[in-house]
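Q:
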Amino acid sequence: MQQKTRTIQDKVFLFIKGLAMGAANKVPGVSGGIVAFVAGFYEEFIFSLQRINGKAFTLLFKRGFKSFYRYINGRFLGLLILGMLTSYFSVSKILDYFLERKELYVWATFFGMIVGSIYYISKDFHHWKRNTVLSAAIGLALGISISFLNPARENDNLFFIFLCGIISVSGMTLPGLSGSFILILLGNYVLLLVDSVNALYNTLAETFRGDFNFINNTERLHTLKILAVFTLGSATGLVTLSHLLNYVLKHYKYITTAVIIGFISGSLGVVWPWKQTIYKLNENGGFLLDSEGEKVILNYQRYIPDFELSETWIAMGFVLIGILIVLALDWYGKHTKK
Numbered sequence: 132m133q134q135k136t137r138t139i140q141d142k143v144f145l146f147i148k149g150l151a152m153g154a155a156n157k158v159p160g161v162s163g164g165i166v167a168f169v170a171g172f173y174e175e176f177i178f179s180l181q182r183i184n185g186k187a188f189t190l191l192f193k194r195g196f197k198s199f200y201r202y203i204n205g206r207f208l209g210l211l212i213l214g215m216l217t218s219y220f221s222v223s224k225i226l227d228y229f230l231e232r233k234e235l236y237v238w239a240t241f242f243g244m245i246v247g248s249i250y251y252i253s254k255d256f257h258h259w260k261r262n263t264v265l266s267a268a269i270g271l272a273l274g275i276s277i278s279f280l281n282p283a284r285e286n287d288n289l290f291f292i293f294l295c296g297i298i299s300v301s302g303m304t305l306p307g308l309s310g311s312f313i314l315i316l317l318g319n320y321v322l323l324l325v326d327s328v329n330a331l332y333n334t335l336a337e338t339f340r341g342d343f344n345f346i347n348n349t350e351r352l353h354t355l356k357i358l359a360v361f362t363l364g365s366a367t368g369l370v371t372l373s374h375l376l377n378y379v380l381k382h383y384k385y386i387t388t389a390v391i392i393g394f395i396s397g398s399l400g401v402v403w404p405w406k407q408t409i410y411k412l413n414e415n416g417g418f419l420l421d422s423e424g425e426k427v428i429l430n431y432q433r434y435i436p437d438f439e440l441s442e443t444w445i446a447m448g449f450v451l452i453g454i455l456i457v458l459a460l461d462w463y464g465k466h467t468k469k
């Protein structure tokens, strides 16, 4: 794949797409890979990641960083990853704010975005045969099955944390598979995407103020160690999965697309807007709280909305907005390719 020449506007939009991927990866049921797929840069994303290989490091040591950077499409990856990292400390916090106060409308928007994504992926797919239909059915069954699994207990074993990093990053490389939802099932969503990120944010804020008391905070240091191992696992997962996906997309493109369509359709239940949150309880029967004093989510109980309520119709409006967002991304992707 030939690397693209980008204008300043393209670079700004690429950074914004990174923001969107980062925010999507933090929301259970939503996949950052969907953003890449719909916005039209998924193949370049996978191509760039799979270029991080032995040849790349040979170039780094023999010809220097500039050759390495050019070979891995560094400008593209750098802007995208910068957007993702920025998202974790900005967009995702805004998202957390609205999830706490307007949860129904946020989930409705994401539900609409996933419905729009299913339409986007399937509208130009004209390769329905026996093997692709079977593949879509398998993907559908997997998506439905995963959406009804119960979460495990939190586990801070560093080897398990490393595996969580590898597994959770699948949301960036596999459209429709939500890495954050997988972390909920593994029991480590709060630990890895809330507590550890907040610990890093607080540490950086204290460091800029000249306060280094966190060095004596054993709990903070342990949480930062967990975040470091999780990040290492995520980086490992990004590179290894991209190589696997590059091979799969090259040799089994239609089957893979059919599985993705089925899987995304099956996982719609994860982001069904009309649900009641079920929280974890402690030994005394009260709500179990995380380090920030927030109630820890156990699962969601889905129900059929009452269409006589005004908030239901408002939520339906947000579903439509979510669909329109995807269609707008589709329109943007087509016009930037011209």
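Just so we're aligned: 166 in this note's numbering is position 35 of the sequence shown, and the numbers increase by one with no gaps anywhere.
Don't be surprised by glycine CBs; every beta carbon is placed ideally from N, CA and C.
Is GLN407 buried or exposed, if buried means 16 or more other CB atoms sit within 10 Å of its CB?
A: GLN407 should be labelled exposed.
Q: Can you name the start and end residues of the alpha helix (DSSP H) that ILE203 belongs to?
A: It is not in any alpha helix (DSSP H) - ILE203 carries neither H nor E in the DSSP assignment.
Q: Using CA coordinates, which residue listed in ASN262, VAL158, TYR173 is at the minimum distance from GLY164?
A: Checked all of ASN262, VAL158, TYR173; the closest Cα to GLY164 is TYR173.
Q: Check whether the stretch 283-298 and the stretch 320-334 are in contact - that is, three or more C-beta pairs closer than 8 angstroms.
A: Short answer: they touch.
Q: Which first and last residues belong to the alpha helix (DSSP H) in which ASN234 is found?
A: As written in the sequence, residue 234 is Glu, which differs from the Asn given in the question. Looking at the DSSP string, the run of the alpha helix (DSSP H) that includes GLU234 is 234-254.
Q: Check each candidate in ILE277, PHE188, GLY274 and name the one with the smallest Cα separation from TYR202.
A: Nearest of ILE277, PHE188, GLY274 to TYR202, Cα basis: PHE188.
Q: With H, G and I counted as helix, E and B as strand and the rest as coil, what does DSSP make of ILE315?
A: If DSSP states are grouped into helix, strand and coil, ILE315 belongs with the helices.
Q: Hey, could you find the ends of the alpha helix (DSSP H) THR334 is sitting in?
A: Here the alpha helix (DSSP H) through THR334 covers 327-339.
Q: Using DSSP with H/G/I as helix, E/B as strand and the rest coil, what is LEU355?
A: Three-state result, LEU355: helix.
Q: Helix, strand or coil, according to DSSP, for ARG261 in the structure here?
A: Residue state, collapsed to three classes: helix.
Q: Can you look up ILE409 in the DSSP assignment and give me helix, strand or coil?
A: In this structure, ILE409 counts as strand in the three-state DSSP scheme.
Q: Thinking C-alpha only, which one of LYS142, ILE435, GLY302, GLY195 is nearest LEU369?
A: Nearest C-alpha to LEU369: GLY302.
Q: Quick check: what's the CA-CA separation for ASN156 versus SER299?
A: Distance between the alpha carbons of ASN156 and SER299: 9 angstroms.
Q: Check whether the Cβ atoms of ALA267 and ILE392 sit closer than 8 angstroms, and answer yes or no.
A: Going by C-beta atoms, ALA267 is nearer than 8 angstroms to ILE392.
Q: With DSSP as the reference, label ARG433 as helix, strand or coil.
A: In this structure, ARG433 counts as strand in the three-state DSSP scheme.
Q: Here's the rule I'm using: 16 or more other beta-carbon atoms within 10 Å means buried, otherwise exposed. How should VAL143 be labelled?
A: Exposed, because fewer than 16 other Cβ atoms sit within 10 Å of the Cβ of VAL143.
Q: When you compare only the Cα positions, how much space is there between VAL402 and LEU305?
A: Looking at the two C-alpha atoms, the distance is approximately 17 angstroms.
Q: Helix, strand or coil, according to DSSP, for PHE438 in the structure here?
A: Correct three-state label for PHE438: coil.
Q: Where does VAL450 land, buried or exposed, given buried means 16+ other C-beta within 10 angstroms?
A: Under this definition VAL450 is a buried residue.
Q: Sorted by chain position, which residues of the same chain lie with C-beta nearer than 6 angstroms to PRO404's C-beta, five sequence neighbours on each side aside?
A: Closer than 6 angstroms at Cβ, skipping near neighbours: LEU235, TRP238, ALA239, PHE242, ALA446.
Q: Could you tell me which of LEU208, PHE229, SER278, LYS186 sits nearest to GLN432, measuring between CA atoms?
A: Minimum Cα distance to GLN432 is reached at SER278.
Q: Here's a check: name, in chain order, each residue in its chain whose Cβ is nearer than 6 angstroms to the Cβ of ILE269, leaving out the five neighbours to either side.
A: So the list is empty, once near-sequence residues are dropped.
Q: To which residues of the same chain is SER218 closer than 6 angstroms at the C-beta, ignoring the five residues directly before and after it?
A: Result list for SER218: LEU150, GLY153, ALA154, in chain order.
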